[in-house]
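Here the structure is laid out as structure tokens; the discussion comes afterwards.
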Amino acid sequence: MIKVDVLIKNKSWKKYIKNPENYLKKKVKILEKKVIILKKKKINFSILLSGNNEIKKLNKKFRKKNKSTDVLTFPNYKKKVLKKLLTKKDDIYLGDIIININKILENKKEIKLNLNKLWIHGFLHLFGYRHKLNKDFLKMNKLEKKYLRNIN
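Laid out in structure tokens, this is it:
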């Protein structure tokens with residue numbers, strides 16, 4: 016079972032997605048049914064729906080980058096540690112994802128698609144996937160596309 020806590024820091028979210036919390040929880044439930052490894056585990060994570068100011072502050076504080084970005088992730092575990100925990104523990108808190116509405120609104124025709132891309136991207140980061148090397152980028156991108164197809 017996957018449980019997501021959704022926190023809305025920027026009220027603009029509700030202008031574009033009627034109930035962002037319910038929307039994301041429904042998408043997570045769909046993904047849960049498709050990802051075999053997650054079916055018998057209690058996986059928890061949070062999504063903070065922010066704007067430019069909040070994400071810029073977090074980006075500066077934790078990544079030393081004084082600029083806004085589309086998504087930030089704060090995983091609780093490194094990939095190898097998480098892999099071991101998934102075999103031993105049934106209840107795991109993965110970490111946090113922060114998503115910036117201003118980046119999503121850059122293409123207003125595809126707001127929900129952009130949101131789905133970003134939370135899935137962040138979700139994969141919580142599982143330890145990275146994209147600095149080309150081979151890692153290709154692997155992560157393939158999973159992102161697969162998960163997007165599953166929830167749309």
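With the working numbering applied, the sequence shown covers 16 to 167. For glycine and all other residues, C-beta sits at the position ideal for the given N, C-alpha and C.
For residue i, tell me which candidate among the options has the shortest Cα-Cα distance.
i	options	result
Asn74	Ile45, Gly66, Leu87 and Leu64	Leu87
Thr84	Lys118, Lys42 and Lys150	Lys118
Ile17	Ile107, Asn167 and Lys95	Ile107
Met90	Lys71, Lys76 and Asn59	Note that residue 90 corresponds to Pro in the displayed sequence, not to Met. When each option's Cα is compared against that of Pro90, the closest is Asn59.
Lys103	Lys79, Lys80 and Lys55	Lys55
Val43	Lys154, Tyr92 and Val21	Val21
Lys26	Lys132, Asn68 and Leu163	Asn68
Ile143	Met155, Lys150, Leu133 and Lys132	Per the sequence presented here, residue 143 reads as Gly, with Ile not at that position. The residue with the shortest Cα to Cα distance from Gly143 is Met155.
Lys93	Arg145, Asp151 and Lys29	Arg145
If you count every other CB in all the chains shown that lies within 10 Å of the CB of residue i, and 16 or more means buried, which is it?
i	result
Phe138	buried
Ile45	exposed
Glu125	exposed
Leu148	exposed
Leu130	buried
Asn167	exposed
Lys79	exposed
Asp111	buried
Considering only the beta carbon of each residue, do residue i and residue j sit closer than 8 Å?
i	j	result
Asp105	Lys57	yes
Ile169	Lys127	The requested residue 169 is not part of the displayed model; the chain covers only 16 to 167.
Asn115	Ser61	no
Leu100	Leu141	no
Ile135	Leu63	no
Lys82	Lys72	no
Ile40	Val19	Before going on, a small fix: residue 40 reads as Lys here, not Ile. Yes, these two residues count as a Cβ contact at 8 Å.
Lys123	Glu159	no
State the start and end residues of the unbroken beta strand (DSSP E) segment that holds residue i.
i	result
Ile23	Ile17 to Ile23
Over the uninterrupted alpha helix (DSSP H) stretch that includes residue i, give me the two end residues.
i	result
Asp106	Counting along the chain, Asp106 falls outside any alpha helix (DSSP H), though it belongs to the beta strand (DSSP E) covering Asp106 to Asn115.
Thr102	Lys94 to Lys103
Phe77	Asn67 to Arg78
Ile45	Pro35 to Lys49
Glu125	Here Glu125 belongs to no alpha helix (DSSP H), and DSSP marks it neither H nor E.
Phe142	Run containing Phe142: none; DSSP gives neither H nor E here.
Leu153	Asn149 to Ile166
Lys82	It is not in any alpha helix (DSSP H) - Lys82 carries neither H nor E in the DSSP assignment.
Name the DSSP bridge partner or partners of residue i?
i	result
Pro90	Gly110
Asn57	Residue identity check: residue 57 is Lys in the sequence provided, not Asn. Bridge partners of Lys57: Asp106.
Leu64	Ile23 and Ile114
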